[in-house]
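Visitor: Okay, handing you the structure first.
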Amino acid sequence: YIAEVAHQSDWDGIVACHQGYITCTTWNYQKTSMGAHKLKPEEFSKHKPIDIYATAVDITSCGNFAVIGLSTGRVDVYNMQSGIHRGHYGEERAHEGAIRGVAVDGLNQLTITAGSEGLIKFWKFKTKDLVYSTDLSCVPSGILLHRDSGILGIAFDDFSISVLDIETRKIVRTFSGHHGRINDMTFSPDGRWLITSSMDCSIKTWDLPSGCLIDCFLVDSAAVSLTMSPTGDFLASAHVDDLGIYLWSNRSLYSLVSLRPLSADYVPSMVARPTTCPIEDVDVAGDEETRDEMIEYVSPEQLGLQLVTLSSLPESRWKNLLSLDIIKKKNKPREPPKVPRSAPFFIPTVPGLIPHYVTPREENDTQSKVVSLGVLAQKSDFFIHLEEALRTNEYTAPLNLLKSLGPSNIEIELRCLAPEGGGSMEVMLSFLRMIGMMLNKKYNFELAQAYLALFLKLHLKILSSEPNLLEEVSRLSMQLEETWIHLRTLFNQSLCVLTYMKSVLL
Numbered sequence: 062y063i064a065e066v067a068h069q070s071d072w073d074g075i076v077a078c079h080q081g082y083i084t085c086t087t088w089n090y091q092k093t094s095m096g097a098h099k100l101k102p103e104e105f106s107k108h109k110p111i112d113i114y115a116t117a118v119d120i121t122s123c124g125n126f127a128v129i130g131l132s133t134g135r136v137d138v139y140n141m142q143s144g145i146h147r148g149h150y151g152e153e154r155a156h157e158g159a160i161r162g163v164a165v166d167g168l169n170q171l172t173i174t175a176g177s178e179g180l181i182k183f184w185k186f187k188t189k190d191l192v193y194s195t196d197l198s199c200v201p202s203g204i205l206l207h208r209d210s211g212i213l214g215i216a217f218d219d220f221s222i223s224v225l226d227i228e229t230r231k232i233v234r235t236f237s238g239h240h241g242r243i244n245d246m247t248f249s250p251d252g253r254w255l256i257t258s259s260m261d262c263s264i265k266t267w268d269l270p271s272g273c274l275i276d277c278f279l280v281d282s283a284a285v286s287l288t289m290s291p292t293g294d295f296l297a298s299a300h301v302d303d304l305g306i307y308l309w310s311n312r313s314l315y316s317l318v319s320l321r322p323l324s325a326d327y328v329p330s331m332v333a334r335p336t337t338c339p340i341e342d343v344d345v346a347g348d349e350e351t352r353d354e355m356i357e358y359v360s361p362e363q364l365g366l367q368l369v370t371l372s373s374l375p376e377s378r379w380k381n382l383l384s385l386d387i388i389k390k391k392n393k394p395r396e397p398p399k400v401p402r403s404a405p406f407f408i409p410t411v412p413g414l415i416p417h418y419v420t421p422r423e424e425n426d427t428q429s430k431v432v433s434l435g436v437l438a439q440k441s442d443f444f445i446h447l448e449e450a451l452r453t454n455e456y457t458a459p460l461n462l463l464k465s466l467g468p469s470n471i472e473i474e475l476r477c478l479a480p481e482g483g484g485s486m487e488v489m490l491s492f493l494r495m496i497g498m499m500l501n502k503k504y505n506f507e508l509a510q511a512y513l514a515l516f517l518k519l520h521l522k523i524l525s526s527e528p529n530l531l532e533e534v535s536r537l538s539m540q541l542e543e544t545w546i547h548l549r550t551l552f553n554q555s556l557c558v559l560t561y562m563k564s565v566l567l
């Protein structure tokens, strides 16, 4: 059977095919009753055919049409509102063998059919013309389409499962592991998981992006039907010789669950089916299910040598390095703060018959604002690390120290690298080599750009007059150009893919 929520309040929204019968019945969800139409080909309206029966059904996403496949290989289209036959695929029949599955995409552009002869065919939904046909490695037993993502799950008679991309029409994933006939499949709402049930009493969850099995458990009775709720919080299952429908909760939505791939020799455990019996005064402390221990994953500092890695520092630590002069000028008060004069303990007076106070003379601010050269001569930790890096060629220590400083302190450190600030040409060369190391490793990429820009702003005249420094700057310029060409290529590739995806979705 198949159900579609679109227009289910206007007309029947469920179609069911019955074992051994060519007639498919419609059902109404709102009225919880059988519908008004019985769908079967017109030539069989007066008599019941022998050994011809319906094998697969699907309803379009708009809820207007039902597609029914027969054991003879014929595929018919019916109107859900009126029950009128609207055509069939192929001249006489769509496949040489029995139809094992039918599906219609979300835009009513393609109809996909699978036959027992081992073929998957793509048809134009409206014109009923054949678009593409591909041969499968084994006979399919059923198909399931996730309309939002355009991926088609195919179950085979050899108990394997394949995933086909209907856009490229190629097999993108293949899963094996069941030891019995596959009864049903269902996708998670986001299309990331494929959940399958088999006659070996197992229910398995496959992760499509990684192509791995992430969950597997056994039940005492094989599940013959599966479906997932639209929000992905529940899995519903029906089982052999059981009239009930069982609900399974998706623990990954409520707690931290390990989704690492299961090993090839993983032995699934037997899980009891859900029950509605109330349980009172039960001590569950000793009966808690042993949860998988989460492996603490520590992300490496750099995922790949070809990737540009940023420092993750806040923008306030590096983005305003070139604007410190403007920031200081804006923050400078309009008038310097005035210190209130303290009254002297003894107030001087002028001797005479009438005492007069002596007006204090205005003291000129003659204090020198020149910083002692002895203070400038003191070497900072950053300066010392750069000197050591000239010998060891290891720039991790000065880089980490510079990352820990604020913008103003960074400017002071870079100013002190020049000879007039107590530095030397060798230390300036060491700083440029540190920037070159950062560009080579593509690590702390935005910091390398910001530090180099501030360094060039402060010492441009010195760099242009020193051949050694000028040669190092030229080398850095070539590195920057190569890196940006590589980045521009990656950006263009990403934009190209995004543009293509937008055009496909539209």
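In case it helps, my numbering puts the sequence shown at residues 62 to 567.
Cβ coordinates follow ideal geometry from the N, Cα and C atoms, glycine included.
Measure the C-alpha to C-alpha separation of residue 96 and residue 316 and round it to an integer number of angstroms.
Guide: 42 Å
Visitor: How is residue 195 classed by DSSP in three states: helix, strand or coil?
Guide: The answer is strand: DSSP assigns residue 195 an E or B state.
Visitor: Please determine if the stretch 265 to 277 and the stretch 239 to 257 are in contact, where contact requires at least 3 C-beta pairs separated by less than 8 Å.
Guide: yes
Visitor: Which whole-angstrom value is the C-beta distance of residue 138 and residue 149, which I expect to be below 8 Å?
Guide: 7 Å
Visitor: Alpha carbon to alpha carbon, what distance is there between residue 142 and residue 92?
Guide: 16 Å
Visitor: For a test of the three-state rule: what should DSSP assign to residue 258, helix, strand or coil?
Guide: strand
Visitor: I'd like the list of long-range same chain contacts for residue 506, defined as Cβ closer than 7 Å, with 5 residues on each side in sequence excluded.
Guide: 369, 370 and 371
Visitor: Please report how far the alpha carbon of residue 216 lies from the alpha carbon of residue 261, in whole angstroms.
Guide: 15 Å
Visitor: Do you know offhand how far residue 542's Cα is from residue 360's?
Guide: 29 Å
Visitor: Check whether the Cβ atoms of residue 286 and residue 245 sit closer than 9 Å, and answer yes or no.
Guide: yes
Visitor: For a test of the three-state rule: what should DSSP assign to residue 182, helix, strand or coil?
Guide: strand
Visitor: By a C-beta neighbour count over all protein chains shown, 10 Å radius and 16 as the cutoff for buried, is residue 552 buried or exposed?
Guide: exposed
Visitor: If residue 200 and residue 177 are in contact, beta carbons under 8 Å, what's the gap, nearest whole angstrom?
Guide: 6 Å
Visitor: Quick one: residues in its chain with C-beta nearer than 8 Å to the C-beta of residue 548, no 5 flanking neighbours on either side, listed in chain order?
Guide: So the qualifying residues of the chain are 369.
Visitor: For a test of the three-state rule: what should DSSP assign to residue 461, helix, strand or coil?
Guide: helix
Visitor: Looking at the strands, I want to know which residues DSSP matches up with residue 146.
Guide: 139
Visitor: Using CA atoms only, rank isn't needed, just tell me which of 325, 74, 335 and 321 is closest to residue 296.
Guide: 335
Visitor: Under 8 Å, with one C-beta from each stretch per pair, do the stretch 525 to 542 and the stretch 487 to 497 reach the 3-pair mark?
Guide: yes
Visitor: Give the DSSP-derived three-state secondary structure of residue 295 in the structure shown.
Guide: strand
Visitor: Using the C-alpha atoms, what's the distance from residue 109 back to residue 570?
Guide: Residue 570 lies beyond the range of the chain shown here (62 to 567); nothing can be said about it.
Visitor: Select from 154, 207, 210 and 202 the residue whose C-alpha is nearest the C-alpha of residue 184.
Guide: 154
Visitor: Of all the options 107, 129, 67 and 111, which has the alpha carbon lying nearest to the alpha carbon of residue 76?
Guide: 129
Visitor: So, does the CB of residue 113 fall closer than 9 Å to a CB anywhere in chain B?
Guide: The structure shown contains no chain B; it holds only a single protein chain.
Visitor: Would DSSP call residue 554 helix, strand or coil?
Guide: helix
Visitor: Can you tell me which of 263, 205, 235 and 236 puts its alpha carbon nearest to the alpha carbon of residue 247?
Guide: 205
Visitor: In chain order, what residues of the same chain lie with their CB nearer than 8 Å to the CB of residue 564, ignoring the 5 residues before and after it?
Guide: Excluding five sequence positions before and after residue 564, none of the CB atoms of its chain fall closer than 8 Å to its own CB.
Visitor: Exposed or buried, residue 202, counting other C-beta atoms within 10 Å across all chains shown (16 or more means buried)?
Guide: With 16 or more other Cβ atoms within 10 Å, it is buried.
Visitor: Buried or exposed: residue 241, going by 16 or more other Cβ atoms within 10 Å of its Cβ?
Guide: exposed
Visitor: Smallest Cα separation from residue 367: which of 157, 550 and 88?
Guide: 550
Visitor: Mind checking who residue 214 pairs with in its DSSP beta bridge?
Guide: 205 and 224
Visitor: Round the Cβ separation of residue 472 and residue 374 to the nearest angstrom and send it over; I've been treating them as touching at under 8 Å.
Guide: That belief does not hold up - the Cβ atoms of residue 472 and residue 374 are roughly 16 Å apart, past 8 Å.
Visitor: If we ignore side chains and look at the alpha-carbon of each, how far apart do residue 322 and residue 304 end up?
Guide: 34 Å
Visitor: Here's the rule I'm using: 16 or more other beta-carbon atoms within 10 Å means buried, otherwise exposed. How should residue 81 be labelled?
Guide: exposed
Visitor: Taking the straight line between their C-alpha atoms, what separation do you get for residue 511 and residue 517?
Guide: 10 Å
Visitor: To the nearest angstrom, report how far apart residue 523 and residue 394 are at their CA atoms.
Guide: 33 Å
Visitor: Can you name, in chain order, every residue of its own chain whose Cβ lies under 8 Å from the Cβ of residue 514, other than the five neighbours on each side?
Guide: 382 and 383
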